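Report on one structure; see the data block that follows.
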Amino acid sequence: MLCFSSLCAMAQKNKNSLAMKKLIADNFEFAVKQYRILEKNTAQDSLPRTFEKNRNKSSDIYWWCSGFYPGSLFYIYEYTKNPIILSDAKKRLALLNPVQNYTGNHDLGFMMYCSYGNAYRLLKDPAYKDIIVQSSRSLITRYRPNAKVIQSWDIDEEMKKKGFIGPVIIDNMMNLEMLEWASQNSNDKSFAAIARNHANTTLKNHFRSDYSSYHVVDYNFSTGEVRKKITHQGAADESAWSRGQTWGLYGYTMMYRFTKDPAYLKLARNIAKFILNHPNLPKDKVPYWDFVAPGIPNALRDVSSASLLASSLLELGQYTSGNEKQNYIDVAGTILKSLSSPAYRAKEGTNGGYLLMHSVGTIPGNNEIDVPLTYADYYFLEALLRYKKWYL
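If you want it as structure tokens, here you go:
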């Protein structure tokens with residue numbers, strides 16, 4: 012016979028599950044309405060980027076965020092099965108076709124896997140698979156074998172002035188998912204080999220003893236020597252830029268999914284420990300833009316970091332157990348509730364059609380500050396779906 016406390020615990024769990032189901036359903040209903048507005052506000056030959064100064068700002072297909080809007084549409088379609096959303100998704104996806112041959116930066120994973128990866132997963136069109144594999148071929152042109160990393164940015168005059176010769180950023184971990192997938196779905200195993208070399212080199216050089224990460228490591232690509240470790244978007248070279256920490260958490264959790272390498276899981280758990288135990292993580296679990304940003308507690312939050320954190324923790328919960336697993340789920344749930352509140356979720360018909368407010372692109376670069384961003388919405392929708400699939 013169940014004891015009274017067990018019955019109470021079960022009743023509370025059922026109540027929490029019903030509340031989360033309602034929250035998820037409400038967010039996807041809201042997403043359909045908002046993204047129809049965003050679709051109408053975006054020129055047919057471009058892709059959404061942000062909404063600032065009361066106007067929508069779009070990008071061309073080669074902006075690093077170009078894949079997030081089609082990817083978000085596919086997430087919305089996955090939950091709602093709304094045919095209008097599917098039509099919008101296919102139309103915007105087609106714009107990205109030329110990007111499969113682009114070699115101008117390391118962000119092809121964001122651009123092509125978040126878009127075509129979701130499209131293929133849901134629709135199984137073989138043409139989409141071919142495009143993902145070709146995109147992977149384009150991405151590995153940036154692999155520097157002597158240093159065993161994928162080069163992030165090209166060295167233009169601005170980069171030269173800043174003293175860069177071989178920049179690799181923590182964000183690059185996110186683009187390895189496409190390479191791992193391409194090896195699983197083709198006869199070319201070099202994609203996965205390159206992804207693992209890059210992950211191993213980043214593990215060795217990007218992280219401090221407390222498992223926070225630097226934003227940029229500058230390499231000598233000929234020798235593999237580390238020249239310097241700095242920030243480009245954080246508060247200081249030795250600070251912990253919040254989105255950078257969540258790029259790393261997501262990236263190594265994902266790499267464990269593909270490889271089952273215990274070193275990746277260990278690192279992911281330690282990154283999570285750094286984030287979740289940090290004294291400057293707010294009660295609502297929506298991080299400041301940097302964990303040691305000037306002006307805390309009045310510093311800006313970064314909702315994109317929160318979305319990433321929720322999605323990452325939900326996957327990390329798949330590879331852990333007991334209290335640790337439950338803690339990840341609970342924190343992710345707190346984040347989803349926070350982001351669904353009026354403090355962070357836009358009112359219907361506002362915000363240019365985006366779902367979430369208060370993301371931060373780059374404060375040092377004075378760009379996209381306290382605005383909606385496509386990737387904040389994307390990882391929010393992904394986290395909602397992950398919660399529904401794995402924990403309800």
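In our numbering, the protein residues as written are 12 to 403.
All C-beta atoms, glycine included, are put in the ideal place defined by N, C-alpha and C.
Just so you know, these numbers come straight off a predicted model, no measurement behind them.
Work out the CA separation of residue j and residue i for me, nearest whole Å.
| i | j | result |
| --- | --- | --- |
| T242 | K26 | 44 Å |
| H427 | W300 | Outside the shown range of the chain (12 to 403) lies residue 427, about which nothing can therefore be said. |
| I96 | L327 | 30 Å |
| Q23 | S17 | 10 Å |
| N288 | E168 | 40 Å |
| Q337 | R280 | 13 Å |
| M185 | H117 | 10 Å |
| L104 | S197 | 22 Å |
| M12 | A20 | Annotation note: pLDDT 47 at M12 (below 50); position unreliable, coordinate value reported separately. Rounded to the nearest angstrom, the two C-alpha atoms are 14 Å apart. |
| Q329 | R397 | 10 Å |
| Q195 | Y73 | 26 Å |
| L384 | I346 | 17 Å |
Can you find the residues in the same chain that come closer than 8 Å, C-beta to C-beta, to residue i, ignoring five residues on each side of it along the sequence?
| i | result |
| --- | --- |
| L214 | Y263, A274, Y275 and L278 |
| S69 | T53, A54, S57, L58, P59 and R60 |
| G82 | C125, S126, G128, N129 and Y389 |
How would you label residue i, buried or exposed, when you count the other beta carbons within 10 angstroms and need 16 or more for buried?
| i | result |
| --- | --- |
| C76 | buried |
| G255 | buried |
| D71 | exposed |
| G376 | exposed |
| P94 | exposed |
| S220 | exposed |
| S351 | buried |
| P290 | exposed |
| E249 | exposed |
| N183 | buried |
| T212 | buried |
| D37 | exposed |
Between residue i and the rest of its own chain, which residues show a CB-CB distance below 6 Å, the 5 nearest in sequence each way excluded?
| i | result |
| --- | --- |
| K399 | I35 |
| L319 | T257, Y261 and Y390 |
| Q45 | G364 and L366 |
In terms of alpha-carbon separation, which member of the options lies closest to residue i?
| i | options | result |
| --- | --- | --- |
| F302 | A251, A283, K172 and A54 | A251 |
| Y80 | K101, L58 and N93 | L58 |
| G360 | N186, F41 and M21 | F41 |
| T91 | V43, D295 and A54 | V43 |
| I286 | K171, S163 and A321 | A321 |
| L190 | V144, G235 and V227 | V144 |
| L404 | P353, A343, N378 and A354 | Past the boundaries of the shown model lies residue 404; the chain is included only from 12 to 403, so the question cannot be answered. |
| W164 | K173, K172 and G177 | G177 |
Who are the near neighbours of residue i in its chain, counting only those whose CB is closer than 7 Å to its CB and skipping five residues on each side?
| i | result |
| --- | --- |
| S323 | T257, L260, Y261 and T264 |
| S149 | Q111, N112, Y113, T114 and L119 |
| S224 | I181, H217, F218, G255, Q256 and G259 |
| S233 | N157 |
| F85 | A100, N129, A130 and L133 |
| L403 | S28, M31 and K32 |
| Y386 | C76, F79 and S315 |
| V237 | N216, V228 and Y230 |
Just verifying my parser: in three-state terms, what is the DSSP assignment at residue i?
| i | result |
| --- | --- |
| M12 | Bear in mind that a pLDDT of 47 at M12, under 50, signals an unreliable position, so the number given afterwards is only what the model happens to contain. Reduced to three states, the DSSP call for M12 is coil. |
| V342 | helix |
| L58 | strand |
| R219 | coil |
| I166 | coil |
| L367 | strand |
| V314 | helix |
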